[in-house]
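**Student:** Below you'll find the structure I mean.
Below, the structure written as structure tokens:
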């Protein structure tokens, strides 16, 4: 299905946030997720469905001031 | 040494992690200065986040994640929740930007976000202005530390309003205060500490120096000197000269 991942349109096969991360090869990465602007805790990724057109943000700690 | 939310920090220097020429130079700056806290951001993972996190964990400096770039309370709250999960800390440097050119805080949304995050168990370090009313509202919202700007982020201009910062110190004598942003030189850091501030938070002045590690060390020394001077109870300035050498006993020679 079509999802927007970190602002980029992507076509991936996934029914949940966890599956989307796995499809992006980030199942083991230390990242945090938000779906359509709402935080999705790691423990809720398996149970959080994604639907076509959803915007998934995947973030990690980076340089900052 | 400063105490934030019951945790004592090893140095009054808090250092950002952005804009260094390389990760190795960043690490050198932290080792050379002994900075007590490192700020980090959350950004879209494009492959670099995992290495950066490993580097910071190797350095062993307590991490303070920020909500840099957030322009609404809602965005900042979501970012804070993601940071807490990722880094396992309930500390958050809360930035809600209201004006893009000056990166000035949106103090209304800042107070709103600070209240919501405190209720959610966060220990909030608000990037704010030195306005006494705003700072009072932040304390009412549950903040136990205040971080007013010295000057706009990245400007290196120093302390734009020393009188306002001094008034803030006097108004809230028991609240840990940090000058966050605007510090360009060690003399600015020392000046903030001489006003009775508990710490300084800076990034660009070190990262953009020709020798970041040497500048980081100079900043730490300046912050420590400023703190020591404050605790030593400086003299009051006077308008007129007063001889320091005794007048009595001077030989009569004319």
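Residue numbers (our numbering), protein chains in the order written: chain A, 42 to 106; chain B, 86 to 339. Glycine included, C-beta positions come from ideal geometry on N, C-alpha and C.
Rank B:109, B:188 and B:96 by C-alpha distance to the C-alpha of residue 341 of chain B and give the top, closest one.
**Tutor:** Because chain B is modelled from 86 through 339, residue 341 of chain B falls outside the range shown and cannot be assessed.
**Student:** Determine whether the Cβ of residue 72 of chain A lies closer than 8 Å to any Cβ atom of chain B.
**Tutor:** Stepping through the first chain from its first residue, residue 72 of chain A is reached at position 31. Yes, contact with chain B.
**Student:** Closer than 8 Å, Cβ to Cβ, to anything on chain B: give me those residues from the stretch 77-102 of chain A, in chain order.
**Tutor:** Cβ contacts with chain B: 78, 79, 80, 82, 83, 98, 99, 100, 101 and 102.
**Student:** Residues in the stretch 91-106 of chain B with C-beta within 8 Å of chain A's C-beta atoms, listed in sequence order?
**Tutor:** The residues in question are 101, 102, 103, 104 and 105.
**Student:** Residue 167 of chain B versus chain A: which residues are under 8 Å apart at the beta carbon?
**Tutor:** As a working mapping, residue 167 of chain B is identified with position 82 in the second chain. Near residue 167 of chain B (Cβ distances below 8 Å), the residues of chain A are 73, 74, 75, 80 and 100.
**Student:** Taking the alpha-carbon of residue 71 of chain A as reference, which of B:276, B:116, B:134 and B:319 has the nearest alpha-carbon?
**Tutor:** The residue you call residue 71 of chain A lines up with position 30 of the first chain. Of the candidates B:276, B:116, B:134 and B:319, the one whose C-alpha sits nearest the C-alpha of residue 71 of chain A is B:134.
**Student:** Is it true that the stretch 234-252 of chain B meets the stretch 268-284 of chain B, where meeting means three or more beta-carbon pairs spaced less than 8 Å apart?
**Tutor:** Result yes; three or more Cβ-Cβ pairs closer than 8 Å.
**Student:** Identify which residue in B:320, B:151, B:112 and B:318 has its Cα closest to the Cα of residue 136 of chain B.
**Tutor:** As a first step, residue 136 of chain B is located in the second chain; it is residue number 51 there, counting from the start. Comparing Cα-Cα distances from residue 136 of chain B to each of B:320, B:151, B:112 and B:318, the minimum goes to B:112.
**Student:** Can you look up residue 240 of chain B in the DSSP assignment and give me helix, strand or coil?
**Tutor:** Walking along the second chain from the start, residue 240 of chain B turns up at place 155. Note: residue 240 of chain B maps to coil in three-state DSSP.
**Student:** Reducing DSSP to helix, strand and coil, say where residue 104 of chain A ends up.
**Tutor:** Counted from its first residue, the first chain places residue 104 of chain A at position 63. Strand.
**Student:** The alpha helix (DSSP H) spanning residue 163 of chain B covers which residue range?
**Tutor:** Residue 163 of chain B sits at position 78 when you count from the first residue of the second chain. Residues 158-172.
**Student:** Three or more beta-carbon pairs under 8 Å between the stretch 290-306 of chain B and the stretch 320-328 of chain B, yes or no?
**Tutor:** Because the criterion of three Cβ pairs below 8 Å is not met, the stretch 290-306 of chain B and the stretch 320-328 of chain B do not touch.
**Student:** What does the alpha-carbon distance come out to for the pair residue 145 of chain B and residue 52 of chain A?
**Tutor:** The residue given as residue 145 of chain B occupies position 60 in the second chain. The residue given as residue 52 of chain A occupies position 11 in the first chain. Distance between the alpha carbons of residue 145 of chain B and residue 52 of chain A: 39 Å.
**Student:** Relative to the C-alpha of residue 49 of chain B, which candidate in B:182, B:142 and B:149 has its C-alpha closest?
**Tutor:** Nothing can be reported for residue 49 of chain B: it is not among the residues displayed for chain B, which extend from 86 to 339.
**Student:** Would you verify that the beta carbon of residue 42 of chain A is, or is not, closer than 8 Å to some beta carbon of chain B?
**Tutor:** As a first step, residue 42 of chain A is located in the first chain; it is residue number 1 there, counting from the start. Taking Cβ atoms only, chain B never reaches closer than 8 Å to residue 42 of chain A, which makes this a no.
**Student:** How would you list, in chain order, the residues of chain A whose beta-carbon sits under 7 Å from the beta-carbon of residue 237 of chain B?
**Tutor:** Along the second chain, one-based indexing puts residue 237 of chain B at 152. Neighbours of residue 237 of chain B on chain A: none; closest Cβ ~12 Å, over 7 Å.
**Student:** Looking at C-beta atoms only, is the number of pairs between the stretch 105-119 of chain B and the stretch 76-86 of chain A that lie closer than 8 Å three or more?
**Tutor:** No, they do not touch.
**Student:** Helix, strand or coil: how does DSSP classify residue 327 of chain B here?
**Tutor:** Along the second chain, one-based indexing puts residue 327 of chain B at 242. Three-state result, residue 327 of chain B: coil.
**Student:** Rounded to whole angstroms, what is the Cα-Cα separation between residue 169 of chain B and residue 101 of chain A?
**Tutor:** By 1-based counting over the second chain, the position of residue 169 of chain B is 84. By 1-based counting over the first chain, the position of residue 101 of chain A is 60. Whole-angstrom Cα-Cα distance: 11 Å.
**Student:** Establish whether the CB of residue 276 of chain B and some CB of chain A are separated by less than 8 Å.
**Tutor:** For the purposes of this step, residue 276 of chain B is taken as residue 191 along the second chain, with counting starting at 1. False, the Cβ-Cβ gap to chain A never drops below 8 Å.
**Student:** How is the alpha helix (DSSP H) around residue 320 of chain B delimited, first residue to last?
**Tutor:** On the second chain, position 235 is the one that residue 320 of chain B refers to. Element bounds for residue 320 of chain B: n/a, residue is neither H nor E.
**Student:** Need the endpoints of the alpha helix (DSSP H) that residue 193 of chain B sits in, please.
**Tutor:** Looking up residue 193 of chain B in the second chain gives position 108. Note, residue 193 of chain B: alpha helix (DSSP H), 192-204.
**Student:** If you draw a straight line from the alpha carbon of residue 300 of chain B to that of residue 150 of chain B, how long is it in whole angstroms?
**Tutor:** Here the question's residue 300 of chain B lines up with position 215 in the second chain. Here the question's residue 150 of chain B lines up with position 65 in the second chain. Cα-Cα distance, rounded: 23 Å.
**Student:** Could you check the C-alpha separation between residue 240 of chain B and residue 266 of chain B for me, to the nearest Å?
**Tutor:** In the second chain, residue 240 of chain B corresponds to position 155, counting from 1. In the second chain, residue 266 of chain B corresponds to position 181, counting from 1. Roughly 8 Å separates the two Cα atoms.
**Student:** Any contact of the stretch 170-181 of chain B with the stretch 203-215 of chain B, i.e. 3+ C-beta pairs under 8 Å?
**Tutor:** The stretch 170-181 of chain B, when compared against the stretch 203-215 of chain B, does touch it at the 8 Å Cβ threshold.
**Student:** Compute the Euclidean distance between the alpha carbons of residue 257 of chain B and residue 231 of chain B, then round it to the nearest angstrom.
**Tutor:** Mapped onto the second chain, residue 257 of chain B falls at position 172. Mapped onto the second chain, residue 231 of chain B falls at position 146. Whole-angstrom Cα-Cα distance: 10 Å.
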